[in-house]
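Colleague:
Protein chains: 2
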Amino acid sequence: MSGIPNLVEGNKAYAASFTQGDLALPPSQKYAVLTCMDARIDPAAAFNIPLGAAHVIRNAGASARAGFRDLVISQQLLGTTEVLLVKHTGCGMLTFDNATASGLIAKNKGEQAAKEVEDLDFLAFPHLEQAVRDDVKWLKERAVEEGVKVTGWIYEVDTGKVRNVV
Amino acid sequence: MSGIPNLVEGNKAYAASFTQGDLALPPSQKYAVLTCMDARIDPAAAFNIPLGAAHVIRNAGASARAGFRDLVISQQLLGTTEVLLVKHTGCGMLTFDNATASGLIAKNKGEQAAKEVEDLDFLAFPHLEQAVRDDVKWLKERAVEEGVKVTGWIYEVDTGKVRNVV
Chain A
120 MSGIPNLVEG
130 NKAYAASFTQ
140 GDLALPPSQK
150 YAVLTCMDAR
160 IDPAAAFNIP
170 LGAAHVIRNA
180 GASARAGFRD
190 LVISQQLLGT
200 TEVLLVKHTG
210 CGMLTFDNAT
220 ASGLIAKNKG
230 EQAAKEVEDL
240 DFLAFPHLEQ
250 AVRDDVKWLK
260 ERAVEEGVKV
270 TGWIYEVDTG
280 KVRNVV
Chain B
120 MSGIPNLVEG
130 NKAYAASFTQ
140 GDLALPPSQK
150 YAVLTCMDAR
160 IDPAAAFNIP
170 LGAAHVIRNA
180 GASARAGFRD
190 LVISQQLLGT
200 TEVLLVKHTG
210 CGMLTFDNAT
220 ASGLIAKNKG
230 EQAAKEVEDL
240 DFLAFPHLEQ
250 AVRDDVKWLK
260 ERAVEEGVKV
270 TGWIYEVDTG
280 KVRNVV
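In structure tokens:
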């Protein structure tokens with residue numbers, strides 16, 4: 120268990136030199152980044168997001184559908200007008216579909232654990248570039264308003280580079 | 120529009136000095152942080168999360184229910200055994216409920232925009248400490264396995280400090 124010691128000790132140092140306590144709630148640069156929860160991504164550093172500038176939404180696979188509620192709140196209640204969708208190489212969501220996920224859970228955790236999530240759509244995807252295109256298309260059709268700009272990107276976990284897809 | 124220039128220019132500098140291209144997919148320190156998408160939070164810095172160490176899930180309000188799929192994947196497929204739930208002061212989700220959110224959207228964006236999200240549960244909460252306790256309880260009952268440790272915290276956006284709730 121290293122989560123609590125990391126948090127408690129590291130936050131003391133962070134708070135001791137913290138100087139940005141007067142930032143406003145709505146993102147100052149009016150954009151949202153939707154990316155993956157993957158441990159190898161540090162969005163603030165890798166995507167150069169100043170503190171207070173942008174919403175950062177992170178879920179398994181940077182799924183547009185899973186981020187729908189977040190994007191509605193970001194745009195319609197907090198005024199963002201741009202979405203950057205960033206998926207990444209080596210994503211776990213490229214490695215299974217619903218059936219294989221259930222099978223893995225049964226193998227790792229037992230049949231009962233698999234049964235408890237049998238109705239869950241894991242929202243995995245078999246092809247990275249295509250998934251970026253599909254999610255950007257879905258966002259434009261379903262989850263962003265007229266005038267909101269949406270672009271799709273891939274972050275390479277082995278190089279630290281991002282590249283534009285759409 | 121500042122999202123793309125921030126990303127493109129900032130990422131060049133990040134990638135130029137990037138040295139951690141060999142990190143493994145499963146989080147090396149086997150934990151997950153579930154926090155809010157709020158623009159004022161930089162989890163890697165404020166919560167001292169080394170690159171590659173932990174999943175970072177972010178949604179509106181650090182909602183446990185909204186993060187269910189992510190936590191299943193984190194624990195059951197990628198082996199994490201600890202969850203830190205971190206909500207924060209000044210959260211937008213403290214300021215409305217479903218009815219007032221719909222009303223705000225109608226006022227800001229028009230009746231059609233409000234109608235399109237009329238079935239959406241915004242998962243807002245009226246009291247911060249209680250919401251941390253409620254979500255930790257829900258996680259323990261519904262979303263974590265035997266032996267997974269769950270704790271709840273509040274990050275103060277005006278001081279940069281975290282404090283433990285449960």
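Each protein sequence line maps, in turn, to chains A and B. So the first sequence is numbered by the working numbering: it starts at 120 and just counts up by one. So the second sequence is numbered by the working numbering: it starts at 120 and just counts up by one. Where a beta carbon is used, it is the ideal one built from N, C-alpha and C, also for glycine. Keep in mind the model is a prediction, meaning the values are calculated, not measured.
1) Could you tell me whether any non-hydrogen atom of the ligand MN is closer than 7 Å to the CB of R188 (chain A)?
2) Here's the rule I'm using: 16 or more other beta-carbon atoms within 10 Å means buried, otherwise exposed. How should T154 (chain A) be labelled?
3) Could you compute how far the alpha carbon of D216 (chain A) sits from the alpha carbon of H174 (chain A)?
4) Just to make sure I have the definition right: I need the residues of chain A whose C-beta is within less than 7 Å of the C-beta of T270 (chain B). Which are they?
5) Residues in its own chain within less than 8 Å of G279 (chain B) by CB, not counting five upstream and five downstream?
6) Just to check my reading of the structure: H207 (chain B) and V276 (chain B) have Cβ atoms closer than 8 Å, yes? What is that Cβ distance to the nearest angstrom?
7) To the nearest angstrom, how far is the alpha carbon of A185 (chain B) from that of S136 (chain A)?
8) How would you write the range of the alpha helix (DSSP H) that A225 (chain B) sits in, first residue to last?
9) Answer with yes or no whether the minimum CB distance from D277 (chain B) to chain A is below 8 Å.
10) On a Cα-Cα basis, can you pick out the residue from B:F187, B:D157, B:A181 that is closest to E264 (chain B)?
11) Does chain B have any CB closer than 8 Å to the CB of E230 (chain A)?
12) Let me make sure I understand the geometry here. Which of B:D240, B:D254, B:T200, B:G222 has the alpha-carbon closest to that of K122 (chain A)?
13) Classify R177 (chain B) as helix, strand or coil using the three-state DSSP reduction.
14) Could you pull out every residue in the same chain whose Cβ sits closer than 8 Å to the Cβ of R258 (chain A), ignoring the five residues on either side in sequence?
15) For R252 (chain A), would you say it is in contact with chain B, using Cβ-to-Cβ distances shorter than 8 Å as the test?
16) Alpha carbon to alpha carbon, how far is V285 (chain B) from V127 (chain A)?
Modeller: Working from what's here:
1) As for the ligand MN, it is missing from this structure, which has no ligand bound.
2) Buried.
3) One C-alpha to the other measures close to 29 Å.
4) The answer, in chain order, is I123.
5) Its chain contains A165 as the residues whose beta carbon lies nearer than 8 Å to that of G279 (chain B), once the 5 sequence neighbours on both sides are disregarded; these appear in chain order.
6) Sure, about 6 Å apart at Cβ, within 8 Å.
7) Each residue's Cα considered, the two are about 33 Å apart.
8) Start and end: 217 to 228.
9) Residue contact check for D277 (chain B) against chain A: a CB pair falls below 8 Å.
10) Measuring from the Cα of E264 (chain B), the nearest candidate turns out to be B:F187.
11) Output row for E230 (chain A): interface = no.
12) A small fix is needed here, since residue 122 (chain A) is Gly in this sequence, not Lys. Per the Cα distances, B:T200.
13) The answer is strand: DSSP assigns R177 (chain B) an E or B state.
14) The sequence given here places Leu at residue 258 (chain A); Arg does not occur at that position. Counting only Cβ-Cβ distances below 8 Å, and skipping sequence neighbours, we find A183, L190, V202, L204, V269.
15) Not an interface residue.
16) Between V285 (chain B) and V127 (chain A), the alpha-carbon positions lie close to 14 Å from each other.
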